[in-house]
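Data first, discussion second: the structure below is written as structure tokens.
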Amino acid sequence: MRFEGEVAAEKGRAPSKKSKRRQKKSMAAATASASAVQKLFDLCKEAFADCAPGFVPKQDDVGRLSSFLDNMKPEDVELHPNLPYFRHENSEGTPPVTYLHLYGCPKSKFSIGIFCLPQSSVIPLHNHPGMTVFSKILFGSMHVKSYDWVDTPHSSSNAAAPTDGDRLAKVKTDAVFNAPCETLILYPETGGNMHCFTGVTSCAVLDVLGPPYSAPQGRDCTYYDESPCLDLPDGMIMPGEDGRYAWLKAMNGLPDNLNLVVADYEGPKIVEK
Numbered sequence: 002m003r004f005e006g007e008v009a010a011e012k013g014r015a016p017s018k019k020s021k022r023r024q025k026k027s028m029a030a031a032t033a034s035a036s037a038v039q040k041l042f043d044l045c046k047e048a049f050a051d052c053a054p055g056f057v058p059k060q061d062d063v064g065r066l067s068s069f070l071d072n073m074k075p076e077d078v079e080l081h082p083n084l085p086y087f088r089h090e091n092s093e094g095t096p097p098v099t100y101l102h103l104y105g106c107p108k109s110k111f112s113i114g115i116f117c118l119p120q121s122s123v124i125p126l127h128n129h130p131g132m133t134v135f136s137k138i139l140f141g142s143m144h145v146k147s148y149d150w151v152d153t154p155h156s157s158s159n160a161a162a163p164t165d166g167d168r169l170a171k172v173k174t175d176a177v178f179n180a181p182c183e184t185l186i187l188y189p190e191t192g193g194n195m196h197c198f199t200g201v202t203s204c205a206v207l208d209v210l211g212p213p214y215s216a217p218q219g220r221d222c223t224y225y226d227e228s229p230c231l232d233l234p235d236g237m238i239m240p241g242e243d244g245r246y247a248w249l250k251a252m253n254g255l256p257d258n259l260n261l262v263v264a265d266y267e268g269p270k271i272v273e274k
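Using this note's numbering, the first residue of the sequence shown is number 2, and each one after it goes up by one.
Put into structure tokens, the structure is as follows:
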């Protein structure tokens with residue numbers, strides 16, 4: 002315990018050179034972190050300036066944004082594996098995934114957020130209607146399984162739907178990604194538009210979505226049940242295509258293994274200019 006006199010005397014003393022150096026280093030680190038988050042916002046603002054459902058940024062903008070995200074680190078958003086978000090002390094049930102919101106609303110042209118996954122936590126299989134999405138794993142190991150819809154040779158709008166609302170999809174990605182790794186990018190129709198994340202270790206993924214989810218504008222998040230496709234129906238696959246397939250069925254409600262909580266983002270703030 003410290004007494005009032007000691008605190009008053011300490012306040013009255015001029016800071017030492019060592020203390021000043023520490024303060025300068027701390028301020029420099031904070032400025033660097035803030036500039037990284039601000040720069041990300043500025044790049045997104047440029048890339049998604051004309052964003053609308055189905056919009057895909059220009060190739061140069063995709064390159065600049067993905068390259069910048071490739072080099073982002075957990076320190077840029079003041080995250081580290083020892084934070085409570087990444088611990089699951091209750092052995093029962095699915096570990097909660099914590100979402101930290103950096104920027105955006107349904108009326109914005111893009112949104113930025115971070116998902117914090119303890120080991121074995123899951124973000125169930127879901128879609129990204131009309132969106133371009135950049136996902137950067139900041140640290141840890143994460144399993145990603147993703148699908149794209151399969152269309153019949155006759156029409157891209159006539160996707161296979163044999164019974165009970167099932168629709169044929171092709172596996173795009175089924176692998177474990179270890180940070181540091183390249184940013185994952187998906188597009189409105191390709192690149193793994195439906196995906197599922199599982200924490201192999203505790204991990205964090207920074208997501209940029211353009212445009213954001215918006216139920217009133219027809220961009221609500223849909224979750225899916227998946228079942229293996231053992232026999233492909235005749236005529237469903239374009240000649241020369243191969244790979245793994247599954248039947249996906251949209252769920253009416255939320256998945257049982259969805260355990261998502263929202264917390265305040267406490268890292269460097271974004272300033273809209």
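Ideal placement from N, C-alpha and C gives every residue a C-beta, glycine not left out.
Extract the residue ranges of the beta strand (DSSP E) inside the segment 186-273, only unbroken runs of 3 or more that lie entirely within it.
Counting only runs of 3 or more, we get 195-200, 204-211, 225-229, 246-251, 261-264.
inquiry  = Helix, strand or coil, according to DSSP, for residue 168 in the structure here?
reply    = If DSSP states are grouped into helix, strand and coil, residue 168 belongs with the strands.
Discussion item. I'd like the span of the beta strand (DSSP E) that includes residue 94, first residue to last.
Written reply: Taken as a continuous stretch (DSSP letters only), residue 94 belongs to no beta strand (DSSP E), as it is neither H nor E.
Rounded to whole angstroms, what's the CA-CA distance from residue 231 to residue 38? Just pull it up for me. Cα to Cα, residue 231 sits roughly 46 Å from residue 38.
**Q.** Separation of residue 253 from residue 90, as counted between CA atoms
**A.** Spanning the two alpha carbons is a distance of roughly 31 Å.
From this set, 224, 228, 271, which residue's C-alpha is nearest residue 257's C-alpha?
With distances taken between Cα atoms, residue 257 lies closest to 224.
Backbone CA spacing between residue 111 and residue 49 [nearest angstrom]: Going from the Cα of residue 111 to the Cα of residue 49 covers about 7 Å.
### Task
May I ask you to report which of helix, strand or coil DSSP gives residue 117?
The answer is strand: DSSP assigns residue 117 an E or B state.
What residues in its chain sit with their C-beta under 8 Å from that of residue 106, if we drop five residues either side in the sequence? The answer, listed in chain order, is 112, 213.
>> Quick check: what's the CA-CA separation for residue 131 versus residue 251?
In response: Whole-angstrom Cα-Cα distance: 17 Å.
Under a Cβ-count criterion, where at least 16 other Cβ atoms within 10 Å of its own Cβ denotes burial, should residue 269 be classed as buried or exposed? Label assigned to residue 269: buried.
Mind checking whether residue 261 and residue 97 have CB atoms under 8 Å apart? Yes, they are a contact pair.
So residue 68 is in the alpha helix (DSSP H); what residue range does that whole segment cover? 60-71 is the span of the alpha helix (DSSP H), which, as asked, contains residue 68.
TODO: Please classify residue 81: is it buried, with 16 or more other beta-carbons within 10 angstroms of its beta-carbon, or exposed?
DONE: So residue 81 counts as exposed.
Taking contact to mean at least 3 C-beta pairs separated by less than 8 Å, is the segment 114-133 in contact with the segment 174-182? Under the 8 Å Cβ criterion, the segment 114-133 does not count as touching the segment 174-182, having fewer than three qualifying pairs.
Q) What's the C-alpha gap between residue 158 and residue 104? A) Bear in mind that the predicted position of residue 158 carries a pLDDT of just 41, short of 50, making it too unreliable to give a figure here.
Requested in this report: Kindly indicate which three-state DSSP category residue 137 falls into: helix, strand or coil?
Outcome: Annotated three-state conformation of residue 137 is strand, per DSSP.
Checklist entry - For the putative contact between residue 141 and residue 203, defined by C-beta atoms under 8 Å, what is the C-beta separation to the nearest angstrom? => result Rounded to whole angstroms, the Cβ separation of residue 141 and residue 203 is 5 Å, and the two are in contact under 8 Å.
| query | Taking C-alpha atoms, which residue in 143, 211, 210, 194 lies nearest to residue 172? | reply | Cα-wise, what sits closest to residue 172 is 194.
Taking a contact to mean a Cβ-Cβ separation below 8 Å, would you say residue 187 touches residue 127 in this structure?
Not a contact, by the Cβ cut-off of 8 Å.
Could you have a look at residue 181 and say whether DSSP puts it in helix, strand or coil? Residue 181 falls in the coil class under three-state DSSP.
query = What is the rounded straight-line gap between the Cα of residue 139 and the Cα of residue 36?
reply = Those two C-alpha atoms are separated by around 17 Å.
Checklist entry - Between residue 85 and residue 259, which are expected to be in contact by the criterion C-beta below 8 Å, what is the C-beta distance as a whole number of angstroms? => result Cβ atoms of residue 85 and residue 259 stay farther apart than 8 Å, at about 20 Å.
### Buried or exposed by the 16-neighbour rule on C-beta atoms within 10 Å, applied to residue 205
When all chains shown are included, residue 205 counts as buried.
Residue burial classification, residue 272 (beta-carbon count within 10 angstroms, cutoff 16)
By the beta-carbon neighbour count (other beta carbons within 10 angstroms, threshold 16), residue 272 is exposed.
Own chain, CB closer than 7 Å to residue 267, minus 5 neighbours either side, in chain order: So the qualifying residues of the chain are 79.
To the nearest angstrom, report how far apart residue 144 and residue 218 are at their CA atoms. CA-CA distance, residue 144 to residue 218, rounds to 31 Å.
| said: Taking the alpha carbon of residue 109 as the reference point, which residue from 83, 54, 72 has its own alpha carbon closest? | reply: With distances taken between Cα atoms, residue 109 lies closest to 54.
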